[in-house]
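Residue numbers (this note's numbering), protein chains in the order written: chain S, -9 to 247; chain C, 2 to 770; chain H, 155 to 242; chain L, 155 to 242.
Input: a single structure, listed below in structure tokens.
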Amino acid sequence: MSETPLIADLGAPENAPLSDAKIGVVTFPGTLDDRDAARAVRLAGATPVPLWHADTDPAALRGVDAVVIPGGFSYGDYLRAGAIARFAPLMAKIVDAANSIDKLPVLGICNGFQILTEAHLLPGSMVKNDHLKFICRDQTLRVENNHTAWTNEYREGQEITIVLKNQDGQYVADEKTLDALEAEGRVAFRYVGWNPNGSRRGIAGITNTAGNVVGLMPHPEHAVEPGFGPLDANGTYSTDGLGFFASVLSTLVGESK
Amino acid sequence: MTTAQKFNIDTVEHAAGTPDVELPWAELGLKQNEFEEILKLLNRRPTAAELAMYSVMWSEHCSYKSSKVHLRQFGEKLTDEMKKDMMVGIGENAGVTDLGDGWAVTFKVESHNHPSFVEPYQGAATGIGGIVRDIISMGARPVAVMDPLRFGAIDHPDTARLVHGIVSGIGGYGNSLGLPNIGGEVVFDPIYQANPLVNALAVGVLRHEDLRLANASGVGNRVVLFGARTGGDGIGGASVLASESFDDTKPSKRPAVQVGDPFAEKVLIECCLELFKHSLVEGIQDLGAAGISCATSELASNGEGGMRVELTNVLLRDPTLTPGEILMSESQERMMAVVTPEHVAEFEKVMEKWNVEFSWLGEVTDSGRLVITWDGETIVDVDPRTVAHEGPVYNRPFKRPEWLDGVQADTFRTSAAGKALPESGDELKAAVLELMASPNMCDKSWVTKQYDHYVGGNTALASPDDAGVIRVDEETGLGVAISTDANGRYAYLDPYTGAQLALAESYRNVATSGAVPMAVTDCLNFGSPEDPEVMWQFAEAVRGLADACQTLGIPVTGGNVSLYNQTGTTAIHPTPVVGVLGKFDDVARRTPSGWQQNADGQAIYLLGTTRDELDGSEFANLRGHLGGLPPKLDLEAEKTLGAILINASRDGMIDSAHDLSEGGLAAALSEMVLRFGVGARVALDDLCARDGVDAFTALFSESQARAVVAVPRSEEVRFNDMAAARQFPVVRLGVVDVLATSLEVQGLFDLPIAELREAHEGTLPKYFG
Amino acid sequence: MPRIVVDVMPKPEILDPQGKAIVGALPRLGFTAFSSVRQGKRFELTVDGEVTEEILEQARNAASTMLSNPVIEDVVNVEVLAEDAEAE
Amino acid sequence: MPRIVVDVMPKPEILDPQGKAIVGALPRLGFTAFSSVRQGKRFELTVDGEVTEEILEQARNAASTMLSNPVIEDVVNVEVLAEDAEAE
Ligand SMILES: Nc1ncnc2c1ncn2[C@@H]1O[C@H](COP(=O)(O)OP(=O)(O)O)[C@@H](O)[C@H]1O
Ligand SMILES: [Mg+2]
């Protein structure tokens, strides 16, 4: 078995209602936010399950109910962000499961989003920020679509503050694709106030047609614990990121009913 | 033909038979007496490979030959109290301090000054890479980095190149490793023009049982090199070794600079942590300066005393490298470990899982000799201690500079710059704005927003707070705080006191965040040790630092010395960068450095005494003056202040706190307002009356052992009682006013936050885009 | 040893932030002749032995599947590097 | 409009982490023919009007002073792009 080393305590809090929901967290070489994503899953009351990029076992997905592809610099972001990771054996399984009738919920955060576009699970791509620098800031987003597997616990139009940190975060796609995304309501999140990287139409995140695959550049897993994340407009700690994980749990509960 | 013959290799046998061969020892930086010492040690001439090893290991950088006699004080002045929590002290890759609950922390600061001047991006990037490997080699998981930086004048034509390159290099490497950057320094001063200082600090945490040291013990244990392949990095200057026979005329091409591969290092970190978790290595050492020469000789001499290595087993990036060059190469992202034979298979499995290249080089012996072969023929046969630890030690002459009396006599108040000082409200307001927009006091977020400070999810405070705070244990909230500080101007005016003031400030910053100071690391950046005046500055700074550590009761656990930071005969200001680490039982108790949104009506107090101390200050610097004596040091007052801040935060008596340092009260109040955009109304009258100073002095003096705090109304009595019990001066300045949109200094000026922010935040973008 | 060059450029309709920054900076250094700049990538793939048509085909496939992302980039060139270029 | 191509490669003796990562990944996709990969940059500078020798000289200067970092990179090529290449 390929265990991801040193993801801290992986158990959900005891007696959590959904602690038997298993959410996979993928580690590639160069992944950075896997431990944070696992923590967020745990704080949301589910059980994080480490998944290993190179796992070729037929059961490599280890029976998880959803998958998070966390942020970082897989393969150093060399060549293009996500370009090499996309070819990992595990990715083929994730793509199949996401496209299957079971519609495995998949969330790609930052580098995870980049990997999902390289894997063609989501349209468009990311290029360097328009200012060409890495940027780390507390970022406000508007939830444009609250019907996806990962956003149903938000209100439509709700503004949330989570962390943005990236170098290649400028979302680009051709006009036709952008128009289609808008028309189909597949823009899931938009930057509010300031567009931090020059993304087309202020797009911070998108969803696939079925709503089970969502990718975004900012990091919900860094806004789940008071005292350790971004500050909202009132200067208080934001835990707005928890909604992503609560949403997927609702989705799973809904399905099992 | 053997490989040795093919390469025309200089073997031990060959050396013994050819005593008269001319060796390029001078080109390799050795002095005549040092070369003679080598001849004596070996009782024959060294082989080319041995010469390579001795020359790099006996360099200033690796042997500390000029600084050693002074650095000893850090050990000699240790008291039992200071040793209490120190698990590993000076001498290992980094010091280790016990945090309790089975946790320990390791941290160290190092310089990468010169490489960063030559190639700013890669120089700074590999600076982070190097210090992080020191932390890994202790058995720890690195958890954060910091970057104290110093540049030339902000408007010098070369400064933008350095700022852009160095900042993106630190970010590019550190961000890719997943290490939050939690603090540092950005200072501009023409004295650093062609000598920017790029210091890098890393901190790591470990469970006690994971502690690893750099020693090769256990006869028969295997020695392995893993990570990146070995290339010609860092041996450019030693290209005389391109031909081991010293007669070849064609110099081979060697890289002028090293390029870092942060991805390779990230994989190396995870791979090492997996090795530690399964206890697969006995000893481990990172490869930094002097590469394999350093790793083999240190591991061997710290362990059983002997090692045998076959050098052709080293995986090469450049097949033209000669044995001497392989021994000297400083290629990044490599580690060396000692593994028992029974763990070899498991070790290899971990390497394969992480796709890390490795090669078995040899084994530990009890021969007392480090024997290196090349295709079976012996090319090195030395006592490893003579390479690693028994290098030359110099008692370099030092002499107090004659110019110093003149400089110290030239005080700010008696100088032309000290005339026509701001007095009226409008003048003082303008001066505050000028100060807060000045290169050293302005907002540094142009730099820090290029750094990830969230990754890991354990960052409880980061820049611009006084200290960076990292949670170590998620269950209990156990954590650490770190601050790094130095003031080159103070140290120039008086190196003994200047070094102590750096420690005092760092200590104060850590205490202000609410943590209990525990340990010290230092990076001593100075000019040439061959200049007796510089050597005097160095000796004084070390003496000062060691004395002050003793008084404060916290040990130096590791550090680094960077000499020769000078252009021609002009040395940089002596710049002892001091990092202090403190402990929190629960980081939830940390104190942020600004008024908070929910703090309306909280009382603002100033702790400490304000004197007329403007010499060496930021205000004097704005007026182009540097002379007089630095502010008075009072370590007992620092201790008391620290105790008050720590206890008050633990008992919920203060909600925000900010220490006073460069820029004095004016800077502290401005920064507290700007932190969360919350206004305040203060008055200086009581302070001025009590301390006998005018408003200008109250605002801009840099007297030490002071801090501003915000106390909830309900806690005022308790807070005052506590300060009184410790006989520490406090004065109430005013109140936090959430509705106010300004910093109002009653009777003098009302400074809108928006105006202050614009001045404060505009400076770096103006120069650097 | 022979090398195959693969050149990849951003698609014309995709904004190229690096090219834009360069074209803005050139005039400040006195280089005024250029109205636009685009920055792409050049890969040099070393082949041990002879470059057969099959190997060239591998290079073309690698160029379109991995070395470029067709959403934002075009492969503009795949060719064997002239022998003399190797000398330098 | 005519374009000048500037090709910049990491110096051969300098580590190229990107090339290293690519050469490690290629075999996993079945591209086994390549023993090493180096990744450099390709710039296309557009000229309004004719490419004179003076403009080409500007391009060469820009290549060595701004488009490359001479400490770690070599300019391997500065040339006018053949007209037909513009079509695509
Ligand atoms: N200024 C200093 N203060 C305290 N310890 C120092 C100082 N400079 C060097 N040291 C210690 O000397 C030892 C050797 O230093 P160094 O050569 O930098 O280590 P490394 O080989 O791990 O880079 C280390 O333990 C280091 O902490
Ligand atoms: Mg070390």
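For each residue, glycine too, the CB sits at the ideal point set by N, CA and C.
Look up residue i in the DSSP assignment and say whether it is helix, strand or coil.
| i | result |
| --- | --- |
| residue 109 (chain C) | strand |
| residue 59 (chain C) | coil |
| residue 332 (chain S) | Lying outside -9 to 247, the shown extent of chain S, residue 332 (chain S) is not represented and no answer is given. |
| residue 192 (chain L) | strand |
| residue 766 (chain C) | helix |
| residue 524 (chain C) | strand |
| residue 126 (chain S) | strand |
| residue 235 (chain S) | helix |
| residue 202 (chain C) | strand |
| residue 493 (chain C) | helix |
| residue 404 (chain C) | helix |
| residue 103 (chain S) | helix |
| residue 368 (chain C) | coil |
| residue 227 (chain S) | strand |
Give the DSSP bridge partners of residue i, in chain order.
| i | result |
| --- | --- |
| residue 141 (chain S) | DSSP, once it has assigned bridges, lists no residue as partnering residue 141 (chain S). |
| residue 738 (chain C) | C:680 |
| residue 659 (chain C) | C:709 |
| residue 148 (chain S) | DSSP output for residue 148 (chain S) lists no bridge partner at all. |
Shorter than 9 Å from the beta carbon of residue i to some beta carbon of chain B?
| i | result |
| --- | --- |
| residue 175 (chain H) | Protein chains in the displayed structure are S, C, H and L, and chain B is not among them. |
What is the rounded straight-line gap between the Cα of residue i and the Cα of residue j?
| i | j | result |
| --- | --- | --- |
| residue 201 (chain S) | residue 43 (chain S) | 24 Å |
| residue 71 (chain C) | residue 493 (chain C) | 19 Å |
| residue 251 (chain C) | residue 196 (chain L) | Only weak support exists for where residue 251 (chain C) lies, its pLDDT of 42 falling under 50; the value from the coordinates is given anyway. For residue 251 (chain C) and residue 196 (chain L), the distance between alpha carbons rounds to 32 Å. |
| residue 440 (chain C) | residue 627 (chain C) | 17 Å |
| residue 749 (chain C) | residue 718 (chain C) | 29 Å |
| residue 217 (chain C) | residue 472 (chain C) | 33 Å |
| residue 514 (chain C) | residue 642 (chain C) | 12 Å |
| residue 45 (chain C) | residue 15 (chain C) | 11 Å |
| residue 92 (chain S) | residue 121 (chain S) | 41 Å |
| residue 701 (chain C) | residue 490 (chain C) | 16 Å |
| residue 338 (chain C) | residue 645 (chain C) | 46 Å |
Using a cut-off of 7 Å between C-beta atoms, extract the partners of residue i located in chain C.
| i | result |
| --- | --- |
| residue 23 (chain S) | 456 |
Could you name the residues of chain H that residue i contacts, counting a contact when the two beta carbons are closer than 9 Å?
| i | result |
| --- | --- |
| residue 160 (chain S) | 169 and 171 |
| residue 93 (chain S) | The premise fails here: residue 93 (chain S) is roughly 24 Å from chain H at the closest Cβ pair, so nothing lies under 9 Å. |
Could you name the residues of chain H that residue i contacts, counting a contact when the two beta carbons are closer than 8 Å?
| i | result |
| --- | --- |
| residue 178 (chain L) | What residue 178 (chain L) touches in chain H: nothing, since even the nearest Cβ is about 12 Å away. |
| residue 122 (chain S) | 171, 172 and 175 |
Interface residues of chain L around residue i at Cβ under 8 Å?
| i | result |
| --- | --- |
| residue 84 (chain S) | The contacting residues do not exist; residue 84 (chain S) stays about 17 Å from chain L at best. |
In chain S, which residues lie with their C-beta within 8 Å of the C-beta of residue i?
| i | result |
| --- | --- |
| residue 182 (chain L) | 77 |
| residue 268 (chain C) | 19 and 20 |
What in chain L is Cβ-close to residue i, meaning under 9 Å?
| i | result |
| --- | --- |
| residue 69 (chain S) | 172, 175, 176, 179 and 193 |
| residue 233 (chain C) | 167 |
Show which residues of chain L have a CB atom less than 7 Å away from the CB atom of residue i.
| i | result |
| --- | --- |
| residue 133 (chain C) | Under the 7 Å cutoff, chain L gives no residues; its nearest Cβ is about 16 Å from residue 133 (chain C). |
| residue 428 (chain C) | Chain L residues near residue 428 (chain C): none, gap ~45 Å exceeds 7 Å. |
Cβ closer than 8 Å: which chain C residues qualify as neighbours of residue i?
| i | result |
| --- | --- |
| residue 29 (chain S) | 458 and 475 |
So does the region 95 to 109 of chain C actually touch the region 167 to 180 of chain C, counting three or more Cβ pairs closer than 8 Å? no
Report yes or no: do the region 266 to 286 of chain C and the region 115 to 125 of chain C share at least 3 C-beta pairs separated by less than 8 Å? no
Can you confirm whether the region 682 to 702 of chain C touches the region 451 to 461 of chain C when touching is taken to mean that 3 or more C-beta pairs between the two stretches lie within less than 8 Å? no
Quick check: the region 31 to 46 of chain S against the region 76 to 85 of chain S, are there 3 or more CB pairs under 8 Å? yes
I want to know whether the region 170 to 188 of chain H touches the region 749 to 767 of chain C - three or more CB-CB distances under 8 Å. no
Specify whether the region 506 to 520 of chain C and the region 572 to 582 of chain C touch according to this definition: at least 3 beta carbon pairs, one from each stretch, less than 8 Å apart. yes
Between the region 295 to 311 of chain C and the region 383 to 401 of chain C, can you find at least three pairs of beta-carbon atoms closer than 8 Å? yes
Touching or not, the region 157 to 168 of chain C and the region 425 to 443 of chain C, by the rule of three or more beta carbon pairs under 8 Å? no
Kindly confirm or deny that the region 629 to 636 of chain C and the region 611 to 619 of chain C touch, where touching means at least three C-beta pairs closer than 8 Å. yes
Taking 8 Å as the cut-off, does the region 17 to 29 of chain C touch the region 166 to 184 of chain S (at least 3 CB pairs, one atom from each stretch)? no
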